[in-house]
Structures are given as C-alpha cells and as structure tokens.
Amino acid sequence: MLDPFTLPFVQHGLWAILLLAIGAGVLGTWIVLRGLAFYAHGVAAATFPGLVLADGLGFAAPLGALAMALLFAVAVGRLATRQGGDHSTMTAMVLVGALAAGVILASDVFDAAANVNGLLFGSLLVISDRDLMIAGAASAVVLVATLLLGPRWLALGFDRDGARALGVRAGGPDAVLLVLVALVAVATLSAVGALLAAALMVIPAATVRPWISRMPIWQLATTLVTAALGAAGLWLSVKTNAPPGATIAVLAGVLFLMSVTLHSVLHRRSDRPRGGGGGRRRLAGRPALLVLLGLIGAGVAGCGSSDSGAKGDRIAVVATTTQLGDIVREVGGDRIALHQILQPNTDPHEYEPRPKDVQETAGAKLVFASGDGLDGWAGDIVEQSGSKATTVTVGAKVPTRLPGGEGEHEHGDHEDEAGGDHDEQAGHDEAGHEEAGHDHGGGAVDPHWWHDPRNVAAAVTVIRDALVAAEPDATAAIDARATAYLKKVEALDAGIARCIREVPAAQRKLVTSHDAFGYFTHRYGIRVVGAVIPSQTTQAQPSAGDVAKLADLVKREKVKAVFPESSVNPKLADAMARQTGAVSNLTLYGDTLGPAGSDGATYLGMEQHNADAMVRGFTGGAVRCRVAGL
Amino acid sequence: MSGVLSNVVLDPFAQGIMQRALVEIVLLGIAGGLLGCWIVFHRLSYSAEALPHAMFPGLVGAALIGAPLVLGGAVGLLVAALAISAAARIPTIDRDTSISVVFTSMFGLGVLLALSPDSPPGVQELLFGDVLGLTAGDVATAAGLTAVVLIALRVLHPRLLATAFDRDAARTLGVRPGLVDLLLVTLIAVATLICVQALGNLFVAATLVAPAAGARLFGRGVPTTMAIACGIAIACGIAGLYLSYYAHTATGASIAGVTVAVYVVLAGAARLAALRDRPLPAR
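In order, the protein sequence lines correspond to chains A and B. Each residue of the first sequence is one higher than the one before, starting from 1 at the first, in the working numbering. Each residue of the second sequence is one higher than the one before, starting from 631 at the first, in the working numbering.
This is the structure in structure tokens:
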C-alpha cells in the first residue's frame, strides 16, 4: 500500500510537503485569524510578472517570484494602512496591476516567452533541491517569527484598537506578517502552483479552527493536518495518475466539508441539553476529530490500484509531444514501449506533470524532446525522476531552424521566389536560417519545426540512430521501419508541394490564430499575411492596434480564409473573419495532433489536412489536396 | 487641424470589432461601476477575483455532458456563490477564508475533471473571451445581463445600504445580512459571466473593484460614489482601448493597467487634499 513512497521523486515531493507543512500550517492559522486569505491568494498570483521577467531576462524563477511577492507585500501593506486596514480592496487593486503588467510583458515585450504559464503551476513531482531549500528556509523563518511576534499578532487580531491603546504598534508586526505570507506563498508556488496555494496555506487552518480555540494547539494541529493532507494527496495522485496539486486541493475541500459538518452536528447535540458548555464541547470534539481523520484515511486507502510496469525486451522510450510520439512510434514499432507525455488536443504550454510521466521517465532508456521551449519541462522531469535516460532533443538536430518571434517579416521576403522549384533553393535557405537561429540565442528559435517534412525526415534518422544505439539487436527491424516511413514523409513533402503549386503564388496568403506555421510557409512558398495572436505562445493577448491593422491588411489583400487552430480558442479568428468577409471554418493542426479518428490523428494526416485546408481556403474551395502513398 | 483630431479620435472605431468592443466597455462600465461600489463597501473584492476560477468545474462538466458552456459556467458560479454563503455562516471562519476554501477546492475539481479524455481542448479558456473577439450576440447577452444587474441593484438598494455599514443595525431593521450577502455574491457571479466573456478571467477584478475603489476616495454619499465609479470605469475602458490601438499593447491588460494607474493618481490626489485640509500642528 505504501509502495508509491518508495519512488525517489515521490519521496522528494513528500519531503517538500513536510517541510512546507510547518511554515504553511503555522502561518495558515495567522492568515485565518487575521482574515488575510485574499492577500495570501493575491501574493501568490501576483508573482506572474516576476516569473515573466525571470524567463525573459534569464534569471532564476524563484528570485523573480520572491521580488514580485515582496513588492506586492509592501504595496498592499502601505496602501491598506492608509485605507484603514482594508486589505481586501487593496489586494485586488495591486493584484490587477501586477497581472496587467505580467500580460503586457508576456504579450508585447518578451515575444518568445513560451513557458511562463507553466511556472504558475508548480508540481510536487518535479521538486528540485533548490525548492526544498526555499521551503525549509521559509518554514524556519515563520517559526522564529511566530515565537517572537506571535503575542502581538494575537493581540492585534482580536482587538486592533484595544491593542493600540495598550501600546502595541500595528505597523511593524503587521508588515512582517505580510512579508512572511509572501515568503511562504513563493515557497508554495513550486509545490502546488499559484492558484491552489490556499490548499496548503488556508484550508487546513480553517478545517481545524472549529475544534480548537487555543493558538499553539491550533498551530500544531494545522501543521499535522497539512502534512497528512499533503502526504495523502501525493499518495492518491500517484495511485490515480492525477496531478498532485489539484488532488490535494479537492482532498482539502472534502476534509473541510466533513470537519464543519461533523462539528455542527456534534455542536447542536451537545448544545441542546446543556445550553452550550464550552468545556464539554471541546471534550466532545477531540474524539470526533480522530474519527474524522480515520475516515479520511480509510477512504484514501480504499481507492487505489496497482499497475505492472512489465516491458518485456522492448526499449522503454518516452516522447514529449504528440507529433514526436507519432514519429517515434512509426520508427520503433513493436520494438519499443513508448510513453507519450502529451495527449492529443492539449496545448503543450499548459502541461502539468502527472505521476505516470515521471515514473515512465525514471525507467526509460531514451527520452525524445521536441525542444526550443515548447516542452521546456522535459528537462525537469528527467532530472527529478532520477532517470539515467539519454535525452535526445530532436528539434535541435533538424536542418531548417527558423528564428522565432518575427515570423511575419521573415517570410514576406520569400513571396517572389515562391513559384519556383523549392527543392533547388532549399540548400541556401537552410544555411542562411541556421545562422539566423544561432544569432537569436536559445529561446528565439521557432519551435514548430515539424511543419517542414524535410525536418521530419531528418528527425526520423535521428530517432532511428538513437534507438539503434540503445538496442543494437533491433537494428534490422528499426532500419526497415525507418526507411519505409521516410518514403512516406518524402511522398508527403512532394505531394504537398504539388498541391500548393496548383494555387497561383499571389493567392497563397495565410492568416492564422497564432504564429505556428513558419516552417510550412517557408517550405512551400506561402506568404504569411499575419497571425491574430502575433506571438508564438498561445498565452499572449493581441492588441487593438494589431487586430485593426491585420483586418485592414486582410481586406486589402483580399485574403479568403482565416485559419483557426485546433487547440486555440477560435473566437478571435472568427471575429477577424466576420470583420473582413473571409471564412474561418477551416481548422489547422498547429501545436498538437488531433484525437484518434480525426484527420490529424497522425503526423502525416495532420500535414495533409493542413495542406488541404490551406489550398481550399486560398482558392475558395476550388482546389483540393490528397496526397497518395501515405 | 480639427480633421486630424477627429481622425485620431474616430479612426480606431472604424471597424466593427472596435465598435463592439466600445459598446461592451460601456456596458461593463455601468454594471461594474455600480456593482463595484457594493463590492468595495461590503469588502467582497475576493469574490470578484475568485469566482471566475470557481466556475471552472461547471464549465468542464457542461463540456463533458454536451450542455451549452455558458449554462455550465452559470451553474458553476451559482454553486460557488451558494457554497461561499454557506461556509461564511460558520462562526469561526470569516468570509474571505470561506471564499478561499470554496474557490480552491472547486478549481482543483475542475483541473481533475478536465483530465478526462472527452473534455475539449483548452476548455479552461473556451468561455474566456477577448474584447476584440465579440459577436453581436455576445454584446446583446452582455446588455441583457447588465439590465438584470441594474434592476436587481435598484430593488435591493435599501437592503444593501442597510447591511453595508452596520450589520447589527440592519438586523434590527428586519434585514437578514446573510441573505443580502448571498444575493450580492450571486449578482457578482452574473457580472463575472459578462466579464469573462469580454475580458478573460484575469481582469474581472479590474472591472468590478478598481473603479469603485477609486470613486470611494472622493465620493460623498452612495449615489455620487456610484456615478463617479461608472465614469471612471467607462473613461478608463475607452482610454485603454485607445492605448491598445495606438501603442499596440494587449487590450485587456491595457484597460486594467489604465484603471489601476488612474486609481494610483486619484489616491495620490486624495492624500494631497487630505494633507492640505489638515490643520497645521499646534506648536
């Protein structure tokens, strides 16, 4: 039953939760006592711009988060003192300001900041040593501060004016409390993420509160409940393969509900005969609390399953994205046991690690990553799983590497050469772009390399060589599969080129949801008029100026179709289409494959679907595209 | 000269996208400004920030059973509003803590539900609109919901007033503060529904809290404060649209940023005014 805790990454997570439980538990009682729940939520969410800055400028994420959290604490503290202690409204104001700054930074300043959103979702499954140190330090500081300042916080919590009359100054201790909450919120960020921070910082204290009226006991009990909750949530998440943060949050909610229901039932019963004797109620409370904990434990133990990790003699392989998974599956066939991390139709920018992903990575021999910021979390997973796997970043080894961020301008130049024979001009283009890619540094390469089939052909050989190196016995089988698949990829490439040539060069004008098709347009001579979200990450927001300019451009260029993407909200593309009279009913597969049974269920299907949708859109349905031999 | 000026002023609104955005901003300004005053008076800002996240499980649930998403979102919000009111009745727990408990567990539930392979891609964002992506139908819905909010606020006005400043006195007048809180949180839920479709989830608090917080600095009496709040909300919304048009910054964030900047300026001005009015310290 306890086997999940034998896994090294689960032990790491358990340590993190136990360390955090001390700080979060003790501080949680102060948060509930002083009504600072919104502030605790706000300070965690307000770290967003700090994370964007850290990502964009390349310094450590916790540093950015901490700086932003402290700034938030100071701003709210000062404003609230002026407004007569109204933390609630001031928290909202400062939070709105911080979020606005974060979105503008992510949308308009750092175009290539791809994995910012992931930073707001922490995970107990990929806890680093640095996270453990931060958690330990935060808990230690909270303990010391509670010992020193606890009595003053208590006095202020019950009677602010009375305390002031007794000579307790509100400003100093209050400011320390706000800073401490900021510190613990940052430490919690890496464990459960910004939106679920209250699951550790608020709910346990609120759960215990009805049963206990003495501060030290409340703090001790809250710490124990937080630790138990975290351990149970972690265990349950490994058993059910769910993200631990959300599991802990739901478990905390259920526990809270049971606690208050049970309390009100007992309370009413003991109230009736005796008219509410406090001592009696407390005595009735203790066993009830034990019963409650027992029930939770039993409930948790009841549901759970075990699975076997038998692989036979196949090579254990992990692939991050859906398209990479498909290609690896085609090459490896039944000689590999593949675990694909992302599932169809999910935006890679929103991935949160699941226990099975880390477990499979721990036992894998090879990990294939896509690279260039699209799956930046892959490195964390490999590191934290304690895996000895070789990581192959396929995107870094393909021949064509386009710079990211300024796709529109880059591709405009190719308009005139578009009509010609692409196979001939391929050589010099590649060389030029490879250089450009290096000039822009690591994060500035457009990560959507698979939309050029020649890149995929190169990826197939990379994958083949890696698999063969890992399992020389399987060389013959893998070679044969790779060669067969390469033929199909070449047929796809030639077929799409033929389809596009049927459309006059002047009509090949592409407008999409976000800038994901740079490689496709570069390969086949299509001009990118623009993208509704002018950035490579789907998290950015467009500006009114950009949208108006693009709408004018679409009208002037008489673009016939605006293409939404399968994994991106189509509202903006629809609005653009309505504004300009274009159609927006032809969806492209950009960042991810479609679900089984859809056109885009495989890489080959995805690209053929995209080519068909594009030629139909360019010509108003006059040209169709079917590639033979796939 | 006047031609140039009118071009600068009118050019942004030549297209339908921007015209709809303008109408939506005005609607939101009215609903948000009025409701926002009660949010600030009742210190319910957290609900404006938390409710958009709390509707997540309703949204995913609707997507899984094939019901309209707006309906799912509305049900999610209603459940959240009821749960918050119920939890706030527990004597040892204040309202912000109850909001925190409800929203965190509901958001976690939503995350778990969204893991189902049947849930559509990006379900979390499906209801989250962008002020530039509105249809005429969206604007009409917003107008209808704004009307609902206005009527409800008019009907509830005496009770809201009674409970905002002195809950015990309200009780003696026969007003039940718990019920008024529930109605207010429900109204915030309705407004949240309009806001997330127009601005996305991040900036609901910008519409519902910021203008009223600014207005409170100067308002004398509830009606004046409400009028100032509506004025601030509409002016900041339009200014944000211009900023986004001319400076090419993200629209929702521009509107939110302008609103907060205006608040900071107003707070500074209020402080200066207070310093000026204060009698000199006696020597």
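Using N, Cα and C, we set each Cβ at its ideal position, and we do this for glycine too. Note that the coordinates shown come from a computational prediction; the quantities given were computed from them, not determined experimentally.
| Asked | Found |
| --- | --- |
| Between glycine 600/A and the rest of its own chain, which residues show a CB-CB distance below 6 Å, the 5 nearest in sequence each way excluded? | Tyr589, Leu593, Gly594, Met606 and His609 |
| Given 8 Å as the limit, is there contact between the segment 252-261 of chain A and the segment 54-63 of chain A, that is, 3 or more CB pairs closer than that? | no |
| Within 8 Å (strictly less), CB to CB, does glycine 545/A reach chain B? | yes |
| Are the C-beta of arginine 78/A and some C-beta of chain B separated by less than 8 Å? | no |
| What's the C-alpha gap between aspartate 421/A and alanine 684/B? | Caution is warranted here: a pLDDT of 40 is assigned to aspartate 421/A, below 50, making its placement in the model unreliable, and the coordinate value is therefore given only provisionally. Their Cα atoms are separated by approximately 55 Å. |
| Spell out whether any CB of chain B is found under 8 Å from the CB atom of glutamine 359/A. | no |
| Of all the options Gly233/A, Asp174/A, Lys571/A and Ala470/A, which has the alpha carbon lying nearest to the alpha carbon of asparagine 585/A? | Lys571/A |
| If we cut at 8 Å on Cβ distances, does glutamine 343/A have a partner in chain B? | yes |
| Just the Cα atoms here: how many angstroms apart are alanine 857/B and leucine 664/B? | 8 Å |
| For the segment 673-699 of chain B, which residues have a CB atom closer than 8 Å to at least one CB atom of chain A, in sequence order? | Arg673, Leu674, Ser675, Tyr676, Ala678, Glu679, Ala680 and His683 |
| If I measure Cβ to Cβ from valine 489/A and keep anything under 7 Å in the same chain, skipping five residues before and after, which residues do I get? | Pro453, Val456, Ala457 and Val460 |
| What would DSSP say about glutamine 340/A, mapped onto helix, strand or coil? | strand |
| Would you list the one or two residues that DSSP bridges to phenylalanine 563/A? | Thr512/A |
| Spatial neighbours of glycine 395/A within its chain, please: C-beta separation below 7 Å, excluding the five flanking residues on both sides. | Ser370, Gly371, Asp372, Pro447 and Trp449 |
| Mind checking phenylalanine 795/B: buried by the 16 CB within 10 Å criterion, or exposed? | exposed |
| Indicate whether valine 76/A and alanine 883/B have their beta-carbon atoms separated by less than 8 Å. | no |
| Does the beta-carbon distance from leucine 553/A to valine 331/A come in below 8 Å? | no |
| Along chain A, in chain order, which residues have C-beta atoms closer than 7 Å to that of leucine 745/B? | Ala242 |
| Mind pulling the chain B residues with CB within less than 9 Å of alanine 252/A? | Val731, Thr734, Ser735 and Gly738 |
| Looking at the unbroken alpha helix (DSSP H) that takes in threonine 393/A, where does it start and where does it end? | Here threonine 393/A belongs to no alpha helix (DSSP H); instead the beta strand (DSSP E) covers 390-393. |
| By Cβ distance, which residues of its chain are closer than 6 Å to leucine 178/A, with the 5 residues on each side in sequence left out? | Ala73 and Gly77 |
| Under 8 Å, Cβ to Cβ, is there at least one residue of chain A near threonine 855/B? | no |
| Can you tell me the Cα-Cα spacing of valine 562/A and alanine 611/A, whole angstroms? | 14 Å |
| In its own chain, which residues sit with a C-beta less than 6 Å from the C-beta of cysteine 499/A, not counting the 5 before and 5 after it? | Ala611, Val615 and Cys625 |
| In whole angstroms, give me the CA-to-CA distance for glutamine 645/B and arginine 508/A. | 25 Å |
| Quick one: grab the DSSP three-state call for glycine 25/A. | helix |
| Going by DSSP in three states, arginine 626/A sits in which element: helix, strand or coil? | coil |
| Beta-carbon of alanine 903/B versus every beta-carbon of chain A: anything under 8 Å? | no |
| Output, in chain order, the set of chain B residues within a Cβ distance shorter than 7 Å of methionine 215/A. | Going along chain B, no residue has its Cβ under 7 Å from methionine 215/A, so there is no contact; the nearest lies around 13 Å. |
| Check whether the Cβ atoms of serine 728/B and isoleucine 714/B lie closer than 8 Å to each other. | yes |
| Just curious, the alpha helix (DSSP H) that glycine 56/A is in, first and last residue? | 48-57 |
| Just to confirm before moving on: does the CB-CB distance between valine 761/B and serine 677/B stay below 8 Å? | no |
| Can you grab the Cα-Cα spacing for the pair glutamine 11/A / valine 238/A, in whole Å? | 12 Å |
| Pick from Asp641/B, Arg906/B, Leu764/B and Cys667/B: whose alpha carbon is nearest that of threonine 89/A? | Cys667/B |
| Give me the subset of the segment 762-773 of chain B whose CB atoms are less than 8 Å from a CB atom of chain A, sorted by chain position. | Leu762, Gly763, Leu764 and Thr765 |
| For threonine 879/B, decide whether its Cβ has a neighbour in chain A, counting only Cβ atoms nearer than 8 Å. | yes |
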